[in-house]
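Read the structure below first, then the notes.
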Amino acid sequence: MRYKITNVIALTLIIMLITPSVSLLISADFSRTYAQGIDGEKAAQGLVISGLLVVILEKIIDNSKGEPNRYNNQSAQASKNVEKNDDNVYWLAKAIHAEARGEPFKGKIAVGAVILNRVNSSQFPDTVYGVIYQEGQFSSVKDGQIKLKPDQEAYKAAEKALAGEDPSQNAMYFYNPIIAKTMWWLTTREKTVQIGKHVFAK
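Those letters in the sequence shown? Residues 8 to 209, by this note's numbering.
This is how it looks when you write it as structure tokens:
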């Protein structure tokens with residue numbers, strides 16, 4: 008906001024210099040200015056032109072900043088409202104190791120991001136532990152692989168997900184299409200990306 012206000016002031020000063028009618032119009036002695044040849048119609052035209060210049064120049068400045076980074080926006084969503092404490096890192100690393108062991112590092116971060124996206128959704132539990140242990144959600148909980156000790160790469164992936172990275176593109180689900188062929192309720196969801204053997208979906 009401060010940036011915009013500063014630029015509006017700067018642009019106004021520039022326009023006052025390049026548009027004489029505006030400078031004259033806002034001078035202390037308007038009647039004298041009017042008598043010197045600036046009639047009401049020209050003054051109004053000057054204001055219109057000046058206003059258009061402000062809008063155009065502001066647009067140029069906004070465009071020069073570039074478009075928001077899509078990946079960063081998604082990243083912010085993944086870690087929103089999820090505290091980066093030891094417990095969250097630990098449980099997220101365990102789930103990543105159990106669910107994405109052998110997958111690319113990017114895919115491990117994506118699995119962690121899915122869990123965090125669920126934490127931020129009203130449709131799922133609001134804690135990392137709660138999401139992981141929600142009944143019927145993760146096969147690693149059912150088959151006991153969640154009990155495996157996570158390796159350092161799983162911890163690194165967990166920390167990156169908690170820091171905001173979301174290669175899953177805001178996905179709420181992930182699955183291996185070879186294994187999940189009969190899970191129509193899952194495979195028919197909107198796909199966001201495939202990383203390694205995992206398909207991510209909303």
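We put the beta carbon where it would ideally sit given N, CA and C, even for glycine.
Predicted, not measured: the structure shown is a model, and the values here were computed from it.
According to DSSP, is residue i part of a helix, a strand, or is it coil?
| i | result |
| --- | --- |
| Gln201 | strand |
| Tyr140 | coil |
| Val135 | helix |
| Ala165 | helix |
| Ala102 | helix |
| Leu64 | Note that Leu64 has pLDDT 48, beneath the 50 cutoff, so the model's placement of it is unreliable and the number below is only indicative. Note: Leu64 maps to helix in three-state DSSP. |
| Ala187 | coil |
| Ala107 | helix |
| Val206 | strand |
Please go through the same chain and pick out, in chain order, the residues whose beta-carbon is closer than 8 Å to the beta-carbon of residue i, but skip the five residues on each side of it.
| i | result |
| --- | --- |
| Ala178 | Ala117, Ala120, Val121, Asn124, Thr199, Val200, Phe207, Ala208, Lys209 |
| Tyr162 | Val96, Ala100 |
| Trp191 | none |
I'd like the span of the alpha helix (DSSP H) that includes residue i, first residue to last.
| i | result |
| --- | --- |
| Phe112 | 112 to 126 |
| Thr194 | 191 to 194 |
| Val2 | Any question about residue 2 goes unanswered here, given that the chain covers just 8 to 209. |
CB-CB under 7 Å to residue i, same chain, minus the five flanking residues each way: which ones, in chain order?
| i | result |
| --- | --- |
| Tyr136 | Trp98 |
| Ala165 | Val96, Leu99, Ala100, Ile103, Gly119 |
| Asn183 | Lys204, His205 |
| Val148 | Ile139, Tyr140 |
Counting only the same chain and skipping the five closest in sequence on each side, list residues whose C-beta sits under 6 Å from that of residue i.
| i | result |
| --- | --- |
| Val138 | Ile122, Arg125, Val126, Phe131, Pro132 |
| Thr195 | none |
Please report the Cβ distance between residue i and residue j, rounded to the nearest whole angstrom; I am assuming they are in contact, meaning their Cβ atoms lie under 8 Å.
| i | j | result |
| --- | --- | --- |
| Tyr180 | Leu193 | 6 Å |
Inset, instruction - Kindly confirm or deny that the segment 184 to 195 and the segment 96 to 112 touch, where touching means at least three C-beta pairs closer than 8 Å. - result: Pairwise C-beta distances place the segment 184 to 195 out of contact with the segment 96 to 112, as fewer than three of them are shorter than 8 Å.
Legend entry - Cβ contact check for the segment 136 to 156 and the segment 109 to 116: 3 or more pairs under 8 Å: Because the criterion of three Cβ pairs below 8 Å is not met, the segment 136 to 156 and the segment 109 to 116 do not touch.
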